[in-house]
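Peer 1: Residue numbers (my numbering): 1 to 357.
Cβ coordinates follow ideal geometry from the N, Cα and C atoms, glycine included.
Can you keep this structure in mind? I'll have questions shortly.
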């Protein structure tokens, strides 16, 4: 068992919303909504681990337009363009090119644009659907902190089947890695395939790799494997009890692996400004089909207790893997498409962490 206490300031975050979700009105006719956002991150310190970004700043500009209802109530179309780059404060000539890596999609800081959203959506009281390029808010498809987020080409359907019970189903065909992906692979040591990216990117000149951030790839190719038929997801979320949330999800990655994820969280108010958070998670992965990523037999159980105030927090967390003697388990969790699961460390070990923010 390893124990660690972290008391470090990693980055300063600043952001502003210029005009978010403003209605477009022409001659009294509502012409949809326009969303303009400017966000930035400035690195002021790190843990000096030799890989984390040590200086500099990155920015993100978001410009998104969504139409009003077309043809029928609840049916809309949307397009969103995102521009990410260096804010001009980065020392790119530092050893190991540490700079603002992980904040920008171009490893030398050049501005790069991506049409990350291009979709048709429908929503009523009971169901909602979105088809096309989009962000995905599911446990194994989101990164908590990234200027340019990961985007997916997907077909998603959600249904509110009862009070507090929501079901989700969908199929993902492609992914475009955001600004955090290069850091996942190299800067924070995730080249082990346990992190949110398992490929090197074009900034590593001369390596023979062909992947780059902010570009859509087939799900299989994004995992540095052969083209596949994508990734199917089904999930259920229950919030019908006050302060309780329960999630259960399954992901089938064609000819690669099946993933099963469950999470249970409960908040206990202490005062108006303070609460105790209890959280437990379980993750399992087994190879399937042609097992393109190799044999997989991984499981991990994690738990956390946290005390949080308005601007501070303290937590203790522990996790335990399954059969650590299994060869397949020792190969770790294959996580190639952008998952960042809080409190569970995707590796075959047991750890406990205490952190003050």
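#1: Check the DSSP bridge columns for residue 320 and list the partner residues they point to.
#2: Contact between the stretch 166-180 and the stretch 228-237: three or more CB pairs below 8 Å?
#3: Measure the CB-CB distance between residue 113 and residue 83 and report whether it falls below 7 Å.
#4: Using three-state DSSP, classify residue 197 as helix, strand or coil.
#5: Using the C-alpha atoms, what's the distance from residue 74 back to residue 337?
#6: Should the stretch 148-159 be called in touch with the stretch 173-183, which here means at least 3 C-beta pairs below 8 Å?
#7: Tell me the DSSP bridge mates of residue 133?
#8: So what does DSSP say about residue 44, is it helix, strand or coil?
#9: Does the stretch 283-300 come close enough to the stretch 250-262 to have 3 or more Cβ pairs within less than 8 Å?
#10: Quick check on residue 110: does DSSP put it in helix, strand or coil?
#11: What did DSSP end up calling residue 69 once you bin it into helix, strand or coil?
#12: Three or more C-beta pairs closer than 8 Å, one from the stretch 124-134 and one from the stretch 218-227: is that the case here?
#13: According to DSSP, simplified to helix, strand and coil, what is residue 230?
#14: So does the stretch 261-280 actually touch the stretch 300-319, counting three or more Cβ pairs closer than 8 Å?
#15: Got a sec? Which residues, its chain only, sit under 6 Å from residue 59 by beta carbon, not counting five neighbours each side?
#16: Got a sec? Which residues, its chain only, sit under 6 Å from residue 156 by beta carbon, not counting five neighbours each side?
#17: What first and last residue would you give for the beta strand (DSSP E) that runs through residue 170?
#18: How is residue 221 classed by DSSP in three states: helix, strand or coil?
Peer 2: Well, looking at it:
#1: Your numbering for residue 320 matches position 320 in the chain shown. Note: residue 320 sits in a beta bridge opposite 301.
#2: Segments in contact, yes.
#3: Counted from its first residue, the chain shown places residue 113 at position 113. Counted from its first residue, the chain shown places residue 83 at position 83. Taking 7 Å as the Cβ cut-off, residue 113 and residue 83 qualify as a contacting pair.
#4: Taking the first residue of the chain shown as 1, we reach residue 197 at position 197. Correct three-state label for residue 197: coil.
#5: The residue given as residue 337 occupies position 337 in the chain shown. The residue given as residue 74 occupies position 74 in the chain shown. Straight-line Cα distance between these residues: approximately 30 Å.
#6: yes
#7: Locating residue 133 in the chain shown gives position 133, counting from the first residue. Residue 133 is bridged to 118, 153.
#8: What you label residue 44 is simply residue 44 of the chain shown in a count that begins at 1. DSSP places residue 44 in coil when its eight states are reduced to three.
#9: Short answer: they touch.
#10: The sequence position of residue 110 within the chain shown is 110, counting from 1. Three-state DSSP puts residue 110 in coil, outside helix and strand.
#11: The residue labelled residue 69 in the question sits at position 69 within the chain shown. Three-state DSSP puts residue 69 in coil, outside helix and strand.
#12: no
#13: In the chain shown, residue 230 corresponds to position 230, counting from 1. The three-state reading of DSSP puts residue 230 in coil, since its state is none of H, G, I, E or B.
#14: yes
#15: Looking up residue 59 in the chain shown gives position 59. Same-chain partners within the cutoff: 40, 87.
#16: As a working mapping, residue 156 is identified with position 156 in the chain shown. Only residues of its own chain outside the window of five on either side were considered, and among them 130, 170 have a CB closer than 6 Å to the CB of residue 156, listed in chain order.
#17: Position 170 of the chain shown, counted from the first residue, corresponds to residue 170. 165-176 is the span of the beta strand (DSSP E), which, as asked, contains residue 170.
#18: Residue 221 sits at position 221 when you count from the first residue of the chain shown. Helix at residue 221.
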